[in-house]
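So the sequence shown is numbered by the numbering used here: it starts at 13 and just counts up by one. Virtual Cβ for every residue (Gly too), placed ideally from N, Cα, C.
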Amino acid sequence: MTQEASGEGHLPRASDRVEGILSRMTLARKAAQMTQPERLHATPAEVGMFGVGSVLSGAGSCPGQNRPVDWARMNDRYWEASTAPRDDGQPAVPVLYGVDAVHGHNNVLGAVVFPHNIGLGAAGSPDLMRRIGRVTAREVLATGVDWTFAPTLAVAEDDRWGRTYESMSVDPRLVGVLSGAIVEGLRGSEFGGDGILACAKHWAGDGATTGGVDQGDCDRELDDPGFRRMHLAPYGPALDAGALAVMVSLSSIRGTPCHAHRKLITDVLKGEFGFAGFVVSDWNGVLHVDPDLDEAVVACVNAGIDLFMVPERWREFIEVVVRQTGAGRIPVERIDDAVRRILSVKEQIGLFDRPRPLDRPATGNEDFGCAAHRAVAREAVSRSLVLLKNGPADDASSPVLPLDSSARVLVTGRNADDRGSLCGGFTVEWQGVIGNEKIKGGTSIWEGVRDMAPGAKLLTADELKELAAPGKGDHGFDCAVVVVGEQPYAEGMGDIRDWMQSEIVTGGGPTYARSGESELERKYGELVDEVDPGGHGPGALEPYGDTLSLSRLHPEDLEAIQRASSLGVPVVTVLVSGRPLVVNEEMAASDAFVAAWLPGSQGEGVANALFGRTPFTGKLPRPWPATDIACNEPAEELLPTGYGLTTISGTATGIKHNSGVAA
Numbered sequence: 013m014t015q016e017a018s019g020e021g022h023l024p025r026a027s028d029r030v031e032g033i034l035s036r037m038t039l040a041r042k043a044a045q046m047t048q049p050e051r052l053h054a055t056p057a058e059v060g061m062f063g064v065g066s067v068l069s070g071a072g073s074c075p076g077q078n079r080p081v082d083w084a085r086m087n088d089r090y091w092e093a094s095t096a097p098r099d100d101g102q103p104a105v106p107v108l109y110g111v112d113a114v115h116g117h118n119n120v121l122g123a124v125v126f127p128h129n130i131g132l133g134a135a136g137s138p139d140l141m142r143r144i145g146r147v148t149a150r151e152v153l154a155t156g157v158d159w160t161f162a163p164t165l166a167v168a169e170d171d172r173w174g175r176t177y178e179s180m181s182v183d184p185r186l187v188g189v190l191s192g193a194i195v196e197g198l199r200g201s202e203f204g205g206d207g208i209l210a211c212a213k214h215w216a217g218d219g220a221t222t223g224g225v226d227q228g229d230c231d232r233e234l235d236d237p238g239f240r241r242m243h244l245a246p247y248g249p250a251l252d253a254g255a256l257a258v259m260v261s262l263s264s265i266r267g268t269p270c271h272a273h274r275k276l277i278t279d280v281l282k283g284e285f286g287f288a289g290f291v292v293s294d295w296n297g298v299l300h301v302d303p304d305l306d307e308a309v310v311a312c313v314n315a316g317i318d319l320f321m322v323p324e325r326w327r328e329f330i331e332v333v334v335r336q337t338g339a340g341r342i343p344v345e346r347i348d349d350a351v352r353r354i355l356s357v358k359e360q361i362g363l364f365d366r367p368r369p370l371d372r373p374a375t376g377n378e379d380f381g382c383a384a385h386r387a388v389a390r391e392a393v394s395r396s397l398v399l400l401k402n403g404p405a406d407d408a409s410s411p412v413l414p415l416d417s418s419a420r421v422l423v424t425g426r427n428a429d430d431r432g433s434l435c436g437g438f439t440v441e442w443q444g445v446i447g448n449e450k451i452k453g454g455t456s457i458w459e460g461v462r463d464m465a466p467g468a469k470l471l472t473a474d475e476l477k478e479l480a481a482p483g484k485g486d487h488g489f490d491c492a493v494v495v496v497g498e499q500p501y502a503e504g505m506g507d508i509r510d511w512m513q514s515e516i517v518t519g520g521g522p523t524y525a526r527s528g529e530s531e532l533e534r535k536y537g538e539l540v541d542e543v544d545p546g547g548h549g550p551g552a553l554e555p556y557g558d559t560l561s562l563s564r565l566h567p568e569d570l571e572a573i574q575r576a577s578s579l580g581v582p583v584v585t586v587l588v589s590g591r592p593l594v595v596n597e598e599m600a601a602s603d604a605f606v607a608a609w610l611p612g613s614q615g616e617g618v619a620n621a622l623f624g625r626t627p628f629t630g631k632l633p634r635p636w637p638a639t640d641i642a643c644n645e646p647a648e649e650l651l652p653t654g655y656g657l658t659t660i661s662g663t664a665t666g667i668k669h670n671s672g673v674a675a
């Protein structure tokens, strides 16, 4: 960083350019710089007229046909409006556009989608993280965007949390090292050339809420050494690597919302950590503090938040800041500090000197979704896989994997030919997508297996049931690969809660409301097409379930494994999930078992490992539970953190085609 905050959390005098701009701003213009509406609720003309500082796309909010050129044109319009000369003498400040590019530029059709963080934690490679950051930055820059709300530094303490897949590990040291590495990749060697603004989130303790409830309360003291080691320390490497923005958590600490926690934001982050960038709220975070917007804004601004993500009520926000500052409830010095931080970051990333988005060399670059980028993602997939079982436990000389390409492989399972399920939430849409249509340029696990084993065949559940019926005779297969697991979800819709029937999750915030009181249309409008209460995956606006047991969440998965096993061939089960699940029955019915996490768009990376083109090297980034209850207590672990079997690349020691089996 070019400068550090004072011990009191205030930014010293900035550059002459920043101070000059700040000195010419009216209070209303300063308040507007502190404002970040969602693109559906603020036109380019409005952004220019008010002098809005930032605009975002909520997850799934995409312009036009959702192509890179559509994004670049949209950003160009916002840029043009924000930089147009003004008649009132107020300075024209370029707008900063932000997106949730959390595993690649995952909102845009055709982008390379990387494994979610839990898989990258299993890979455990800082070098890989840097390369992922570089690829992500290049694809984001191709769309004219300058800022990603990533990386997430959460240390998830409870697998029931719906955002567990956003946590790299239960080990805070590994989270810190990997986060620092990906920030280095994101920021590159030159902002705007090959680098973008990174944002560390969610400050702080979002992974420590009681019961793993999303946006819940953490019953820990901020000064508790254990809490600091687990949930604050990982931010050090990310900030040192150049993350110039930090997003605040929607959770609370001992009943105090993080968004209104002055000690957390001003004293610790800006003071102790010396953070000189800007602090941004999460989606409608101010509304989580107090139902009275005036009271909420006063509390959050005075706590130290600089930029406010207020998707719809951004005009009201500006009015409240002006009114309450005029009334003396918000010090002018606090407003100046916030705007100084925002302008300083814009200056540091070169925003004032950069051409408009459509004129930038990086915009529209042909590398978007290219083979080289997909090769990095494919490598990430293979390295993220954790082999939990490979043949009989008492006979290491009889491994099932790797398979030989000559084997006639039966492939089945709900997730086998479903690219969307591999990508999980925050992919094209907020809650993710199901199927192959919207994951352009990717491959499903079935497509990867098909390309490596000419004798492979995909069977539906009904076809498998018929094949496994008594008296069917020879089937001609040498082994079966059964791909099972969760459906896509994001945030609270992925929570595992025993009270799920009495409460539902609503809106893009998201917040929680009693059944029948959904604010979905008001809060997220066009961003969510349908509501499917009681379902799983996109459109389902309830927590995912009330158990971590896969056989209870998706009994059809165990049924598929058992039917494949009844054929008398070795069964390889591949689990697609955003967290460890209780899979005792599924693992017992399988001859080999692979934790694939949420591998992203390149399903062939899974096939590469199954057939020995790449070795299994991944290690569990968190313990694997044996039971639903107290799932993260050591006594309840099935497998410990760091567990993972290995194979040798290029050596097919497992199943080959048996020429004696009838075709």
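Check: Of all the beta strand (DSSP E) runs that stay within the bounds of the segment 317-362, which reach a length of 3 or more residues?; Outcome: none
Check: Cβ of I508 within 7 Å of Cβ of L562?; Outcome: no
Check: Among G432, F126, K477 and V322, whose alpha-carbon lies nearest the alpha-carbon of S396?; Outcome: F126
Check: Going along the chain, which residues of its own chain have a beta-carbon closer than 6 Å to the beta-carbon of G467, five neighbours each way excluded?; Outcome: R420
Check: Among G615, H271, V147 and P103, which one has its Cα closest to the Cα of I451?; Outcome: G615
Check: With the cut-off set at 7 Å, would you say N402 and V412 are in Cβ contact?; Outcome: yes
Check: Measuring from the CB of E391, is there a heavy atom of the ligand MG at a distance below 6 Å?; Outcome: The ligand MG is absent from the structure shown, which contains no ligands of any kind.
Check: Based on DSSP bridge pairs, tell me the residues matched to F290.; Outcome: A257
Check: Check A168 in the structure and name its three-state DSSP category.; Outcome: coil
Check: Where does T38 land, buried or exposed, given buried means 16+ other C-beta within 10 angstroms?; Outcome: exposed
Check: What does a CB cutoff of less than 6 Å around G497 pick up in its chain, not counting 5 residues either side in sequence?; Outcome: N427, L587, V588 and S589
Check: Alpha carbon to alpha carbon, what distance is there between C270 and V182?; Outcome: 21 Å
Check: Chain C beta carbons: is any one of them nearer than 7 Å to that of S577?; Outcome: Checking the listed chains, one finds no chain C in this structure; it contains a single protein chain.
Check: Assuming G197 contacts R146 (C-beta within less than 8 Å), just tell me the rounded distance between them.; Outcome: 4 Å
Check: Excluding the 5 residues preceding and the 5 following T176 in the sequence, name in chain order all residues of the same chain whose CB lies nearer than 7 Å to its CB.; Outcome: I130, A168, G590 and R591
Check: Determine the closest residue to E58 out of L244, D486 and Y90, with distance taken between C-alpha atoms.; Outcome: Y90
Check: For T626 and G460, what's the separation of their Cα atoms in angstroms?; Outcome: 13 Å
Check: For the alpha helix (DSSP H) that H385 lies in, which residues bound it at each end?; Outcome: A383 to S396
Check: Helix, strand or coil: which one does DSSP assign to P369?; Outcome: helix
Check: Tell me whether P80 sits in a helix, a strand or coil according to DSSP, three-state version.; Outcome: helix
Check: Quick check on the burial criterion: 16 or more other C-beta atoms within 10 angstroms. Buried or exposed for P49?; Outcome: buried
Check: Locate the alpha helix (DSSP H) running through T148, then write down its first and last residues.; Outcome: P138 to L153
Check: Please classify H22: does DSSP put it in a helix, a strand, or coil?; Outcome: coil
Check: How is Y109 classed by DSSP in three states: helix, strand or coil?; Outcome: strand
Check: Please determine, among G654, P637 and A621, the residue with the shortest C-alpha to C-alpha distance to I660.; Outcome: A621
Check: Near P97, what residues of its chain come up, given a Cβ to Cβ distance below 7 Å and the 5 sequence neighbours on each side ignored?; Outcome: A104
Check: Can you name the start and end residues of the beta strand (DSSP E) that S35 belongs to?; Outcome: It is not in any beta strand (DSSP E) - S35 instead sits in the alpha helix (DSSP H) that spans D28 to R36.
Check: What is the DSSP secondary structure of D218, counted as helix, strand or coil?; Outcome: helix
Check: For R390, does the count of other Cβ atoms within 10 angstroms reach 16, so buried, or fall short, so exposed?; Outcome: buried
Check: First and last residue of the beta strand (DSSP E) that includes G497?; Outcome: C491 to G497
Check: Going by DSSP in three states, I451 sits in which element: helix, strand or coil?; Outcome: coil
Check: With 16 other CB atoms within 10 Å as the buried threshold, where does V344 fall?; Outcome: exposed
Check: Flag this pair as touching only if the segment 570-588 and the segment 350-367 have three or more C-beta atom pairs under 8 Å; answer yes or no.; Outcome: no
Check: Within a Cβ cutoff of 7 Å, which residues of the same chain sit near V298, ignoring the five residues on either side of it in sequence?; Outcome: H271, A308, V309, C312, F320 and V322
Check: Can you give the Cα-Cα distance for G362 and V64, rounded to whole angstroms?; Outcome: 18 Å
Check: Write down the C-beta distance between V2 and L281 rounded to the nearest angstrom, noting that I regard them as a contact closer than 8 Å.; Outcome: The chain is shown from 13 up to 675; residue 2 falls before or after that span and cannot be answered.
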